[in-house]
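Protein chains: 2
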Amino acid sequence: LNEGSFFNLQMQLNFFLPHFKLYDFADRHNADITRMIFRVANIPYEEVLIDRNNEWQQLQREMPLGTLPVLEIDGHKIGGTTAICRQLAWRFGLSGETAADDSIVDMLADFLHEAHISLKSWINAIQNVNNSEQDVESLDKMASHYVSTRLGPVLEKHLEKNGTGFLVGGKMTWADLMAVSFFNKLFDSGREGFISAFPLIKQHYQQIAPIVLPPTKFNDKLNEDTLPIALTA
Amino acid sequence: LNEGSFFNLQMQLNFFLPHFKLYDFADRHNADITRMIFRVANIPYEEVLIDRNNEWQQLQREMPLGTLPVLEIDGHKIGGTTAICRQLAWRFGLSGETAADDSIVDMLADFLHEAHISLKSWINAIQNVNNSEQDVESLDKMASHYVSTRLGPVLEKHLEKNGTGFLVGGKMTWADLMAVSFFNKLFDSGREGFISAFPLIKQHYQQIAPIVLPPTKFNDKLNEDTLPIALTA
Numbered sequence: 001l002n003e004g005s006f007f008n009l010q011m012q013l014n015f016f017l018p019h020f021k022l023y024d025f026a027d028r029h030n031a032d033i034t035r036m037i038f039r040v041a042n043i044p045y046e047e048v049l050i051d052r053n054n055e056w057q058q059l060q061r062e063m064p065l066g067t068l069p070v071l072e073i074d075g076h077k078i079g080g081t082t083a084i085c086r087q088l089a090w091r092f093g094l095s096g097e098t099a100a101d102d103s104i105v106d107m108l109a110d111f112l113h114e115a116h117i118s119l120k121s122w123i124n125a126i127q128n129v130n131n132s133e134q135d136v137e138s139l140d141k142m143a144s145h146y147v148s149t150r151l152g153p154v155l156e157k158h159l160e161k162n163g164t165g166f167l168v169g170g171k172m173t174w175a176d177l178m179a180v181s182f183f184n185k186l187f188d189s190g191r192e193g194f195i196s197a198f199p200l201i202k203q204h205y206q207q208i209a210p211i212v213l214p215p216t217k218f219n220d221k222l223n224e225d226t227l228p229i230a231l232t233a
Numbered sequence: 001l002n003e004g005s006f007f008n009l010q011m012q013l014n015f016f017l018p019h020f021k022l023y024d025f026a027d028r029h030n031a032d033i034t035r036m037i038f039r040v041a042n043i044p045y046e047e048v049l050i051d052r053n054n055e056w057q058q059l060q061r062e063m064p065l066g067t068l069p070v071l072e073i074d075g076h077k078i079g080g081t082t083a084i085c086r087q088l089a090w091r092f093g094l095s096g097e098t099a100a101d102d103s104i105v106d107m108l109a110d111f112l113h114e115a116h117i118s119l120k121s122w123i124n125a126i127q128n129v130n131n132s133e134q135d136v137e138s139l140d141k142m143a144s145h146y147v148s149t150r151l152g153p154v155l156e157k158h159l160e161k162n163g164t165g166f167l168v169g170g171k172m173t174w175a176d177l178m179a180v181s182f183f184n185k186l187f188d189s190g191r192e193g194f195i196s197a198f199p200l201i202k203q204h205y206q207q208i209a210p211i212v213l214p215p216t217k218f219n220d221k222l223n224e225d226t227l228p229i230a231l232t233a
């Protein structure tokens, strides 16, 4: 392919690609996994950031579950993290390779989603959403217990059994992204000690996070727009 | 078809049908939605009921998420309610009719699953699992608030918009079964007042529950094995 025909191919792909519109709150916490999928698949999308205090009350009625994130695909709205991710995953090749693999992806993604729901007040507290005034110390204790007795052992066992560095099969799936999203909250808040007993989870995070998270996360002091990482060596 | 060829057809179907083995605790609370799917699809399965106090500690290590329900399909184990239901739904025609419909099924099923997780301590308390000694009154208050402000309005709106009596499209999907499973807990414990403001949800439950729940639920005084309902008229 020369440059011209590559450009034509791109035009054609864009022509057939639906218009994706992602609604999230202005703090961008709720749709982080969806953004990872778009980033890995290199697919353009429109982002609508909503002010929790002003616009939300008006817009909430138009959202199918009354919550964010919401993904609009050619005008058709889907709400809820796992429904959005599953929809995008089959479009962009982030599902399991076989039906059997995909049911394990489903299982682990739902398991990680359950962790997000069960630890919601803790996550809000450490991300300081809604100026949470909860008792962080007792929430930390609960979260640490959940990670060390439930989340950690199950994921570590799956990583060991699978043995490819990914959670399921030999390729990246949206279950890997769900895991990175969860553990990113630990790494970002200085709580990576929660997973010190799980070396394979740590390794999984360190290998996948740089690919799926925004480059700024790993180069806080660099402005990625003016100084590409490749030029700094 | 005469009786002989029907028998052969059945044999053939059984030959191609995988062997399904459903693991649940002896109180049978955890796999109720899975049982509904098998009942509606009229598919045979083996049930393994586990004693929470004796066998569980030993068996827990063999379960992929360390929890029940688990569905074993020809020796391959899947854990987690939504992953199990999604797998069976596409096998037995309980998914959405189109890709767009199916993403709404996913969305509502996950939304209902979230309700089950968020209200877990309340559900345990009213079902008296683990001899829960929680404060039922304050849990009831929380659950009633969740149903009237979150679950109820979203489902009522979807039922109104869809207008077929089902949650999505013109046929039964596993989202309907997730709803029946949740609201059955209200009806069974005398708390149907929680949904008095949502007439379409009540109608949905009353139309679908008799089809998907065991007949004994609706004919407590009849022994379904010795006295078929058809003979009592």
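Protein sequences appear in the order of chains A and B. Using UniProt numbering, the first residue of the first sequence is number 1, and each one after it goes up by one. Using UniProt numbering, the first residue of the second sequence is number 1, and each one after it goes up by one. The beta carbon of each residue, even a glycine, is placed where N, CA and C say it ideally should be. Fair warning: this is a prediction, and the values are worked out from it, not measured in the lab.
Quick one: using the 10 Å Cβ neighbour count with 16 as the cut-off for buried, is residue i buried or exposed?
| i | result |
| --- | --- |
| A:L1 | Because A:L1 sits at a pLDDT of 46, beneath the cut-off of 50, its placement in the model cannot be relied upon, and the following sentence gives the value as read from the coordinates. The residue is exposed, with fewer than 16 neighbouring Cβ atoms inside 10 Å. |
| A:I33 | buried |
| residue 267 of chain B | Because chain B in this structure spans residues 1 to 233, residue 267 of chain B falls outside the shown range and cannot be described. |
| A:K217 | exposed |
| A:M142 | exposed |
| B:V48 | exposed |
| B:D24 | buried |
| B:A89 | buried |
| B:Q87 | buried |
| B:F16 | exposed |
| A:K161 | exposed |
| A:G96 | buried |
| A:K185 | buried |
For the ligand NAP, any of its heavy atoms closer than 7 Å to the Cβ of residue i?
| i | result |
| --- | --- |
| B:N53 | This structure does not include the ligand NAP; it has no bound ligands of any sort. |
Check for me: the beta strand (DSSP E) holding residue i runs from which residue to which?
| i | result |
| --- | --- |
| B:V154 | Looking at the DSSP string, B:V154 is not in any beta strand (DSSP E); the run it does join, the alpha helix (DSSP H), is 152-162. |
| A:E114 | From DSSP, A:E114 is part of no beta strand (DSSP E) but of the alpha helix (DSSP H) over 99-118. |
| B:K77 | 76-79 |
| B:I50 | 46-50 |
| B:E72 | 70-73 |
| B:F25 | 20-25 |
Comparing alpha-carbon positions, which option in the options lies nearest residue i?
| i | options | result |
| --- | --- | --- |
| B:V105 | B:I33, B:T173, B:G190, B:E46 | B:T173 |
| B:R52 | B:E46, B:W90, B:T67, B:R39 | B:T67 |
| A:K202 | A:T216, A:P214, A:P215, A:F182 | A:F182 |
| A:I126 | A:F187, A:P199, A:N54 | A:F187 |
| B:L119 | B:D101, B:D102, B:S144 | B:S144 |
| A:A100 | B:I84, B:A99, B:D102, B:T98 | B:I84 |
| A:E46 | A:Q60, A:L139, A:Q57, A:A31 | A:A31 |
| A:S138 | A:I123, A:E114, A:A115 | A:I123 |
| B:V70 | B:H29, B:R39, B:A41, B:L108 | B:H29 |
| residue 240 of chain A | A:G170, A:D135, A:G165, A:D140 | Lying before the first or after the last residue shown, residue 240 of chain A is absent from chain A, which here runs from 1 to 233. |
| A:G80 | A:M63, A:P18, A:L151 | A:M63 |
| A:L200 | A:S189, A:T164, A:L213, A:I43 | A:T164 |
| A:A26 | A:W56, A:H19, A:R191, A:I43 | A:W56 |
| A:L151 | A:F198, A:V136, A:S121 | A:F198 |
| B:L213 | B:D176, B:K157, B:K77, B:R61 | B:D176 |
| residue 236 of chain B | B:N42, B:T149, B:F166 | Coverage of chain B is limited to positions 1 through 233, which leaves residue 236 of chain B absent and any answer about it impossible. |
| A:L22 | A:N54, A:G75, A:S189, A:A209 | A:G75 |
| B:A209 | B:I43, B:K77, B:R39 | B:R39 |
| A:D140 | A:F20, A:R191, A:H19 | A:R191 |
| B:H158 | A:P44, A:I43, A:I78, A:H19 | A:I78 |
| B:E156 | B:L108, B:R61, B:N128, B:V136 | B:L108 |
| A:F20 | A:F92, A:D135, A:N54 | A:F92 |
| B:S189 | B:Q207, B:P215, B:N128, B:F166 | B:N128 |
Between residue i and residue j, how many whole angstroms is the CB-CB distance? I'm expecting something under 8 Å.
| i | j | result |
| --- | --- | --- |
| A:L112 | A:M178 | 4 Å |
| A:L65 | B:V168 | Between B:V168 and A:L65 the Cβ distance is about 14 Å, and since that is not below 8 Å, they are no contact. |
| B:I117 | A:I117 | 5 Å |
| A:D102 | A:T82 | A:D102 to A:T82, Cβ: 14 Å. No contact. |
| B:Y146 | B:V180 | So it is not a contact: roughly 18 Å between Cβ atoms. |
| A:I50 | A:L59 | 6 Å |
Where do the N-terminal and C-terminal ends of the alpha helix (DSSP H) with residue i fall, by residue?
| i | result |
| --- | --- |
| B:K202 | 199-212 |
| A:A175 | 174-188 |
| B:K141 | 136-146 |
| B:A41 | 32-41 |
| A:L94 | Per DSSP, A:L94 belongs to no alpha helix (DSSP H) and is neither H nor E. |
| residue 238 of chain B | Because residue 238 of chain B is not part of the residues shown, which for chain B are 1 to 233, the question remains open. |
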